[in-house]
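Colleague: Quick one: the structure is below, questions incoming.
Protein chains in written order, with my numbering: chain W, 4 to 235; chain G, 1207 to 1566.
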């Protein structure tokens, strides 16, 4: 009990004084996971919208791939990206190993399937009669897609939050390709793991509190989006 | 002038044909109701006419063959059974069609406010669509369709999801609007009252086929066959044999009774005699009626149907009458009661006998 009490007291002190190690890890987490999620949104929402609207041969297979991607083990992604950016790997020339771009790449591969898959589901969940109504109002295919994205924006926000939630709390891939370099590629999860292994529970608890607050905020926004009233 | 002409239009699902219109023309300013039971293919036909469903056949809008579906859809308006509003303000919903068709935001909003005013919902303009009632939402949906000044308006059972008072008030307002502004309209409905209230002409669609297309009064008074008769509410379809026919009157035998009709008989002696239940009058005694066809009857069943009461009678043949609730109370109608049933000689409509019905 004493160990826990000491840890909590130290955590409070580190949070109140904005401890540089805690601040660096939190900001690195936000930058890396935020960038990966932004890239996943930029590519995933158009692709998910296309998958939700279009009918083509192989669509089910493609959706199955996307759904499989939503459950990819982070360490497998970490291994794949590590091989890619390894000095002698196909992208070795970029010199990304143990850098934030490698972490962003790995986290993008983890977040994108979630954004694509949930976007496709959101677009497909729109009443088929609404699509007909919009076409009847004179919408082009492009206008239809834009209107459906606007109409499902709260569900898409859920997709974005789910993507962000998946990467902000992952550790395997980030550790493998980022190497946990202090002040650079050390993020909340990798820092918590390191501090715990060293017995520095105060620092680990402070970092965990920040991580939990972020995850709670994501879920709060998602819940609000899902519970909003909709037009008849 | 013909606004829309459909020739050989066929809608299929897989290999099954769900609706067909060999020739259908909608004239400028008229309201045509496509009336039919559930599953008759009414909505499929409407979607095909609105170029919203794949189809065979040809559509011509003001004589121009349909080549570009988007351009065609930008000349029409469609209102569905549900309002299908977007998650935005009432004004923005009403302005959407005009905006999609290239009008500026200001112009779209001006047109939206105009039609919202005509539909009596301008006061809701700033409200979110999610915060208005179903009836108000359907008014907004109609306003949205009218805001694009459509050359042809399609209405797909727009009152079906509304409660009775809301429905009645919207039908009355829409009837006034369509009449005053001479908006060319195709209304799809399964409700006879809606067709009677709104339509200049009625096309009866049963089993995916247009069975009768004529002026509204004519379809309801002179259905073309027993199935159409049953659907337009002519419950009494009696197999009869012509006994004598003069220029003025035709006398027919039905069961043990004789019925007189002013309608000219078909060439064959076996006929179907159609009598609308609303045209049958019930009274306590023969002295109170001057009708040509008067029968002593026994009440078999009395069933309330909405504001009316359906009375099944045995007159030597079975006859159904619809009376008001007040009449039913005054006559104290009950099973086994003796009553007098009568109807004018102008009431029966005669058709050649259907081979499936037994002749007397």
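Even for Gly, the Cβ is constructed at its ideal location relative to N, Cα and C.
Cβ of residue 1262 (chain G) within 8 Å of Cβ of residue 1363 (chain G)?
Modeller: As a first step, residue 1262 (chain G) must be located in the second chain, where it is residue number 56. As a first step, residue 1363 (chain G) must be located in the second chain, where it is residue number 157. No, the pair does not count as a contact, with Cβ atoms beyond the cut-off.
Colleague: Hey, quick one: how far does the alpha helix (DSSP H) through residue 1274 (chain G) stretch, first residue to last?
Modeller: The count along the second chain starts at 1 and reaches residue 1274 (chain G) at position 68. Looking at the DSSP string, residue 1274 (chain G) is not in any alpha helix (DSSP H), and its letter there is neither H nor E.
Colleague: What distance in whole Å lies between the Cβ atoms of residue 1486 (chain G) and residue 1525 (chain G), which are believed to be in contact at a cut-off of 8 Å?
Modeller: In the second chain, residue 1525 (chain G) corresponds to position 319, counting from 1. In the second chain, residue 1486 (chain G) corresponds to position 280, counting from 1. Confirmed, Cβ separation roughly 6 Å.
Colleague: Name the chain W residues that come within less than 9 Å of residue 1290 (chain G), Cβ to Cβ?
Modeller: Taking the second chain and counting its residues from 1, one reaches residue 1290 (chain G) at position 84. Here the neighbours are 130, 132, 133, 135, 136, 137, 234 and 235.
Colleague: For residue 1260 (chain G), count the other beta carbons within 10 Å of its own beta carbon; 16 or more makes it buried, fewer makes it exposed. Which is it?
Modeller: As a working note, residue 1260 (chain G) is residue 54 in the second chain. That one is exposed.
Colleague: Under 7 Å Cβ to Cβ from residue 93 (chain W), same chain only, skipping five residues before and after it: list those, please.
Modeller: Translated into positions along the first chain, residue 93 (chain W) becomes position 90. Around residue 93 (chain W): 87.
Colleague: Can you give me the Cβ contacts of residue 1248 (chain G) inside the same chain, cut-off strictly under 6 Å, excluding the 5 residues immediately before and after it?
Modeller: Residue numbering aside, residue 1248 (chain G) sits at position 42 when the second chain is read from its first letter. Hits under 6 Å: 1240, 1242, 1394 and 1411.
Colleague: Quick check on residue 138 (chain W): buried or exposed, where buried means 16 or more other Cβ atoms within 10 Å of its Cβ?
Modeller: Here residue 138 (chain W) refers to the residue found at position 135 when the first chain is read from its first residue. Residue 138 (chain W) is buried by the Cβ-count criterion.
Colleague: Could you name the residues of chain G that residue 97 (chain W) contacts, counting a contact when the two beta carbons are closer than 7 Å?
Modeller: If you number the first chain from 1, residue 97 (chain W) lands on position 94. Under the 7 Å cutoff, chain G gives no residues; its nearest Cβ is about 43 Å from residue 97 (chain W).
Colleague: Thinking C-beta only, is residue 1326 (chain G) closer than 8 Å to residue 1379 (chain G)?
Modeller: Your numbering for residue 1379 (chain G) matches position 173 in the second chain. Your numbering for residue 1326 (chain G) matches position 120 in the second chain. In contact: residue 1379 (chain G) and residue 1326 (chain G) (Cβ atoms closer than 8 Å).
Colleague: Between the beta-carbon of residue 1267 (chain G) and the beta-carbon of residue 1209 (chain G), is there less than 8 Å?
Modeller: Counting from one through the second chain, the residue named residue 1267 (chain G) turns up at place 61. Counting from one through the second chain, the residue named residue 1209 (chain G) turns up at place 3. Yes; because the gap between Cβ atoms is below 8 Å, this pair is in contact.
Colleague: Is the Cβ of residue 1220 (chain G) closer than 8 Å to any Cβ of chain W?
Modeller: For the purposes of this step, residue 1220 (chain G) is taken as the residue at position 14 of the second chain. No - not a single Cβ of chain W is within 8 Å of the one on residue 1220 (chain G).
Colleague: Can you pull the chain G neighbours of residue 158 (chain W), defined as C-beta to C-beta under 7 Å?
Modeller: The residue given as residue 158 (chain W) occupies position 155 in the first chain. Near residue 158 (chain W) there are no residues of chain G at all, since even the closest Cβ is about 11 Å away, more than 7 Å.
Colleague: Would you call the CB atoms of residue 1349 (chain G) and residue 1359 (chain G) closer than 8 Å?
Modeller: Counting from one through the second chain, the residue named residue 1349 (chain G) turns up at place 143. Counting from one through the second chain, the residue named residue 1359 (chain G) turns up at place 153. Contact: no.
Colleague: Ends of the alpha helix (DSSP H) at residue 107 (chain W)?
Modeller: For this step, residue 107 (chain W) is matched to residue 104 along the first chain. From DSSP, the alpha helix (DSSP H) with residue 107 (chain W) extends over 103-127.
Colleague: Are the CB atoms of residue 1300 (chain G) and residue 1225 (chain G) nearer to each other than 8 Å?
Modeller: Here residue 1300 (chain G) corresponds to residue number 94 of the second chain, with the count starting at 1. Here residue 1225 (chain G) corresponds to residue number 19 of the second chain, with the count starting at 1. It is not a contact, given that the beta carbons lie outside the stated cut-off.
Colleague: Counting only the same chain and skipping the five closest in sequence on each side, list residues whose C-beta sits under 7 Å from that of residue 1234 (chain G).
Modeller: The residue you call residue 1234 (chain G) lines up with position 28 of the second chain. Taken in chain order, the residues that qualify are 1207, 1209 and 1390.
Colleague: Could you give the distance in angstroms between the alpha-carbon of residue 166 (chain W) and the alpha-carbon of residue 15 (chain W)?
Modeller: As a working note, residue 166 (chain W) is residue 163 in the first chain. As a working note, residue 15 (chain W) is residue 12 in the first chain. So the alpha carbons of these two residues sit roughly 29 Å apart.
Colleague: I'd like to check one pair, residue 107 (chain W) with residue 175 (chain W): are the Cβ atoms closer than 8 Å?
Modeller: Position 172 of the first chain, counting from 1, holds the residue named residue 175 (chain W). Position 104 of the first chain, counting from 1, holds the residue named residue 107 (chain W). Cβ atoms of residue 175 (chain W) and residue 107 (chain W): not closer than 8 Å.
Colleague: Quick test of the definition: if touching needs 3 or more C-beta pairs under 8 Å, does the segment 51-67 of chain W touch the segment 195-209 of chain W?
Modeller: Verdict: no, contact absent.
Colleague: Less than 8 Å between the beta carbons of residue 118 (chain W) and residue 171 (chain W), yes or no?
Modeller: Numbered from its first residue, the first chain carries residue 118 (chain W) at position 115. Numbered from its first residue, the first chain carries residue 171 (chain W) at position 168. No.
Colleague: In this structure, how does DSSP classify residue 7 (chain W) when only helix, strand and coil are distinguished?
Modeller: As a first step, residue 7 (chain W) must be located in the first chain, where it is residue number 4. Reduced to three states, the DSSP call for residue 7 (chain W) is helix.
Colleague: What is the rounded straight-line gap between the Cα of residue 1483 (chain G) and the Cα of residue 1322 (chain G)?
Modeller: The residue you call residue 1483 (chain G) lines up with position 277 of the second chain. The residue you call residue 1322 (chain G) lines up with position 116 of the second chain. Distance between the alpha carbons of residue 1483 (chain G) and residue 1322 (chain G) is about 40 Å.
Colleague: Count the other CB atoms within 10 Å of the CB of residue 1313 (chain G); is the residue buried (16 or more) or exposed (fewer)?
Modeller: Counted from its first residue, the second chain places residue 1313 (chain G) at position 107. Flag for residue 1313 (chain G) reads exposed.
Colleague: If you run the structure through DSSP and keep just helix, strand and coil, what is residue 1437 (chain G)?
Modeller: Against the second chain, residue 1437 (chain G) aligns to sequence position 231. Note: residue 1437 (chain G) maps to helix in three-state DSSP.
Colleague: Identify which residue in G:1555, G:1522 and G:1503 has its Cα closest to the Cα of residue 1461 (chain G).
Modeller: The residue given as residue 1461 (chain G) occupies position 255 in the second chain. Closest option to residue 1461 (chain G), Cα to Cα, is G:1522.
Colleague: Buried or exposed: which applies to residue 164 (chain W), given that a residue is buried once 16 or more other Cβ atoms fall within 10 Å of its Cβ?
Modeller: Position 161 of the first chain, counting from 1, holds the residue named residue 164 (chain W). Buried, because 16 or more other Cβ atoms sit within 10 Å of the Cβ of residue 164 (chain W).
Colleague: Just to confirm before moving on: does the CB-CB distance between residue 162 (chain W) and residue 122 (chain W) stay below 8 Å?
Modeller: Within the first chain, numbered from 1, the residue matching residue 162 (chain W) stands at position 159. Within the first chain, numbered from 1, the residue matching residue 122 (chain W) stands at position 119. Taking 8 Å as the Cβ cut-off, residue 162 (chain W) and residue 122 (chain W) qualify as a contacting pair.
Colleague: By DSSP, does residue 1514 (chain G) sit in helix, in strand, or in coil?
Modeller: Looking up residue 1514 (chain G) in the second chain gives position 308. Looking at residue 1514 (chain G) - three-state DSSP - the assignment turns out to be strand.
Colleague: Under a three-way DSSP split, which group does residue 1566 (chain G) fall into?
Modeller: Taking the first residue of the second chain as position 1, residue 1566 (chain G) is located at position 360. Its pLDDT being 34, under 50, residue 1566 (chain G) is placed unreliably by the model, and the measurement read from it follows with that caveat. Coil at residue 1566 (chain G), not helix or strand.
Colleague: In whole angstroms, what separates the C-alpha of residue 1318 (chain G) from that of residue 1253 (chain G)?
Modeller: Taking the second chain and counting its residues from 1, one reaches residue 1318 (chain G) at position 112. Taking the second chain and counting its residues from 1, one reaches residue 1253 (chain G) at position 47. Going by the C-alpha atoms only, they are around 24 Å apart.
Colleague: Am I right that residue 141 (chain W) and residue 1280 (chain G) are in contact with their C-beta atoms under 8 Å? What's the rounded C-beta distance?
Modeller: As a working mapping, residue 141 (chain W) is identified with position 138 in the first chain. As a working mapping, residue 1280 (chain G) is identified with position 74 in the second chain. Right, the Cβ-Cβ distance comes to about 4 Å (below 8 Å), so this counts as a contact.
Colleague: How is residue 1190 (chain G) classed by DSSP in three states: helix, strand or coil?
Modeller: In this structure chain G extends from 1207 to 1566, so residue 1190 (chain G) is not present and cannot be described.
Colleague: Taking Cβ positions, are residue 1230 (chain G) and residue 1212 (chain G) nearer each other than 8 Å?
Modeller: Counted from its first residue, the second chain places residue 1230 (chain G) at position 24. Counted from its first residue, the second chain places residue 1212 (chain G) at position 6. Cβ atoms of residue 1230 (chain G) and residue 1212 (chain G): closer than 8 Å.
Colleague: By the 10 Å Cβ neighbour count, where 16 or more other Cβ atoms means buried, how is residue 1414 (chain G) classified, buried or exposed?
Modeller: Taking the first residue of the second chain as 1, we reach residue 1414 (chain G) at position 208. Residue 1414 (chain G) should be labelled buried.
Colleague: Give me the chain G residues within the contact set of residue 71 (chain W), using Cβ-Cβ distance strictly less than 9 Å, ordered along the chain.
Modeller: Sequence index remark: in the first chain, residue 71 (chain W) carries index 68 (1-based). Result: empty, since nearest Cβ-Cβ is about 32 Å, beyond 9 Å.
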